[in-house]
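See structure below.
There are 2 protein chains.
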Amino acid sequence: MTEGVEGTRQARPPGRPRDPGIEDMVMRAVIGRLAVDGYSRMTIADIAADAGVSRPTIYRRWPGKRDLVIAALDLSFRREQASLPPLDLDGVPAIDAVKAELRRLSPNNGERRAVGLIGSVLAEDTHTPELIHIFREHAIEPRMRRLMETLQELQWRRRLRSDLDIDQISTLLYGCYFADYIRTGEIHADLADRAVDALWPAISAE
Amino acid sequence: MTEGVEGTRQARPPGRPRDPGIEDMVMRAVIGRLAVDGYSRMTIADIAADAGVSRPTIYRRWPGKRDLVIAALDLSFRREQASLPPLDLDGVPAIDAVKAELRRLSPNNGERRAVGLIGSVLAEDTHTPELIHIFREHAIEPRMRRLMETLQELQWRRRLRSDLDIDQISTLLYGCYFADYIRTGEIHADLADRAVDALWPAISAE
DNA sequence: CTTGATTTACGTTTCAGTCAAGTAATCTAA
DNA sequence: TTAGATTACTTGACTGAAACGTAAATCAAG
């Protein structure tokens, strides 16, 4: 028997096994190139070079550019999402809890060049709409849900006004990242704090 | 004298004059293709076809793709900016004035595919930063200034609270367009109204 | 020595940018 | 009125570079 410690392990397939590190290097390279060069300027050759692999190796594992990028976005966002522990709301002032939650939503938390990446995804929405779908499903939606759950929880605790349009407030809060970047070319470190400060009178239970 | 009614007109240069309609058709085609295909997927051949012109004609007037796109963005944003008349603040409730102002900022007011266009510009920011510069200077900055002037004016009239962080409020208001699009894939018609409603308690003079 | 992973080398396509030849429009001068 | 000069536009073709995707050769692991 070639089974390992887990009992129902498959027998190792014949032939040379795949280098287990390659997938990770390639996925990382894809995300980096996508953020810097954008989808259509990004080339398989560059990705292969970044990953320290040759081009056909990539074609062996993924059918083409599209699927490669989809896989990379999917993996990257899943990982990032899994790395976010829930936030503790007890014992901190409500305004600080909202600030902390918004700070966690910053596009800069994941990739440094995340805004360029978002731009690439947006630019591709007529041509490769799957990118936006993945982006929405694995990046935007979980973050927004998290923010909305926090607001809802604070609302239940009577820390926020009861007639709050939570959906709309969340859109306002999240949107300021994009507006800040588009206006100034960067996302300021104190943006989340300033945004919540400015918005606070509209949401706090008086 | 070949001078026209305006006295100091230049003498017409010799040779066949340029077709005056071509520039316009080409600029329009560039904006359209940029919004749909993005910068690097967009081809001169497609633009020429859309404009009903041959490729060498484009190269006769613009040195290359870059300059072509820069010229098109520049012209397009200048025009759109010039088409916005000032807003009358008298005789309307302050909240409606802010709503009206924000509605005018909608990316959908200009090109229909404006978000794709913005995505293309963002995606290109490492490779062709001039695009973002033009975008900031001729599209974002004037709009934001307009919004901030309106808020300031209302503040002077004691319709908004005096300790307002106008800059931050403007970022919040403008950003909701991007957040809405990224979340849902469209910009809802009532977004401006809902955003101002949600934000109103934070900014109105009580 | 068989099998599959990886690489080196190749063919094809696409597109930017250029060029040459022919046609069209406008001005000037005879 | 007409002939020439000058510039704009079209058609068609060409070059070179970039990049996709593949086929043949090579390499590790049983």
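Chains A and U, in that order, give the protein sequences. Each residue of the first sequence is one higher than the one before, starting from 2 at the first, in my numbering. Each residue of the second sequence is one higher than the one before, starting from 2 at the first, in my numbering. Cβ coordinates follow ideal geometry from the N, Cα and C atoms, glycine included.
Whether residue i touches residue j by CB criterion (9 Å)
{"i": "residue 95(U)", "j": "residue 161(U)", "result": "yes"}
{"i": "residue 1(U)", "j": "residue 103(U)", "result": "The structure shown does not extend to residue 1(U), since chain U is modelled only from 2 through 207, so no value can be given for it."}
{"i": "residue 63(U)", "j": "residue 50(U)", "result": "no"}
{"i": "residue 163(U)", "j": "residue 206(U)", "result": "yes"}
{"i": "residue 134(U)", "j": "residue 78(U)", "result": "no"}
{"i": "residue 119(U)", "j": "residue 132(A)", "result": "no"}
{"i": "residue 76(U)", "j": "residue 48(U)", "result": "no"}
{"i": "residue 181(A)", "j": "residue 189(A)", "result": "yes"}
{"i": "residue 115(U)", "j": "residue 109(U)", "result": "yes"}
{"i": "residue 200(U)", "j": "residue 170(U)", "result": "yes"}
{"i": "residue 186(U)", "j": "residue 137(A)", "result": "yes"}
{"i": "residue 129(U)", "j": "residue 40(U)", "result": "yes"}
{"i": "residue 52(U)", "j": "residue 83(U)", "result": "no"}
{"i": "residue 183(U)", "j": "residue 183(A)", "result": "no"}
Bridge partners - residue i, DSSP secondary structure assignment
{"i": "residue 161(A)", "result": "205(A)"}
Limits of the alpha helix (DSSP H) - the one that residue i falls within
{"i": "residue 136(U)", "result": "Here residue 136(U) belongs to no alpha helix (DSSP H), and DSSP marks it neither H nor E."}
{"i": "residue 34(A)", "result": "23-38"}
{"i": "residue 57(A)", "result": "56-62"}
{"i": "residue 115(A)", "result": "115-124"}
{"i": "residue 77(A)", "result": "66-83"}
{"i": "residue 190(U)", "result": "Element bounds for residue 190(U): n/a, residue is neither H nor E."}
{"i": "residue 17(A)", "result": "Neither: residue 17(A) is in no alpha helix (DSSP H) and is coded neither H nor E."}
{"i": "residue 99(A)", "result": "95-105"}
{"i": "residue 166(A)", "result": "No alpha helix (DSSP H) holds residue 166(A); DSSP gives it neither H nor E."}
{"i": "residue 51(U)", "result": "45-52"}
Closer than 7 Å at the beta carbon, the chain A residues around residue i
{"i": "residue 125(U)", "result": "39"}
{"i": "residue 121(U)", "result": "124"}
Supposed close pair residue i, residue j - CB separation, criterion 8 Å
{"i": "residue 45(U)", "j": "residue 66(U)", "result": "6 Å"}
{"i": "residue 196(A)", "j": "residue 177(A)", "result": "5 Å"}
{"i": "residue 35(A)", "j": "residue 43(A)", "result": "6 Å"}
{"i": "residue 148(A)", "j": "residue 165(A)", "result": "About 13 Å; that fails the 8 Å criterion."}
{"i": "residue 117(U)", "j": "residue 37(U)", "result": "6 Å"}
{"i": "residue 144(U)", "j": "residue 90(U)", "result": "The Cβ separation is near 17 Å, so there is no contact."}
Under 8 Å by beta carbon: chain A residues contacting residue i
{"i": "residue 82(U)", "result": "None at all; the shortest Cβ gap to chain A is about 16 Å."}
{"i": "residue 181(U)", "result": "172, 176"}
{"i": "residue 166(U)", "result": "195, 198, 199"}
{"i": "residue 141(U)", "result": "183, 184"}
Under 7 Å by beta carbon: chain U residues contacting residue i
{"i": "residue 29(A)", "result": "By Cβ distance, chain U contributes nothing, its closest Cβ being about 18 Å from residue 29(A), past 7 Å."}
Where residue i meets chain U, residues with beta-carbon distance less than 9 Å
{"i": "residue 169(A)", "result": "177, 192, 195, 196, 198, 199, 200"}
{"i": "residue 149(A)", "result": "The premise fails here: residue 149(A) is roughly 11 Å from chain U at the closest Cβ pair, so nothing lies under 9 Å."}
{"i": "residue 128(A)", "result": "37, 38, 39, 42"}
Contacts that residue i makes with chain U (C-beta to C-beta distance below 8 Å)
{"i": "residue 203(A)", "result": "199, 200, 201, 202, 203, 204"}
{"i": "residue 146(A)", "result": "Here the premise fails: no neighbours, minimum Cβ distance about 11 Å."}
Under 9 Å from the C-beta of residue i: neighbouring residues of chain A
{"i": "residue 117(U)", "result": "123, 124, 125, 126, 127"}
Heavy atom of the ligand HEM within 8 Å of residue i beta-carbon
{"i": "residue 160(U)", "result": "Questions concerning the ligand HEM fall outside what the structure shown contains, since it holds no ligand whatsoever."}
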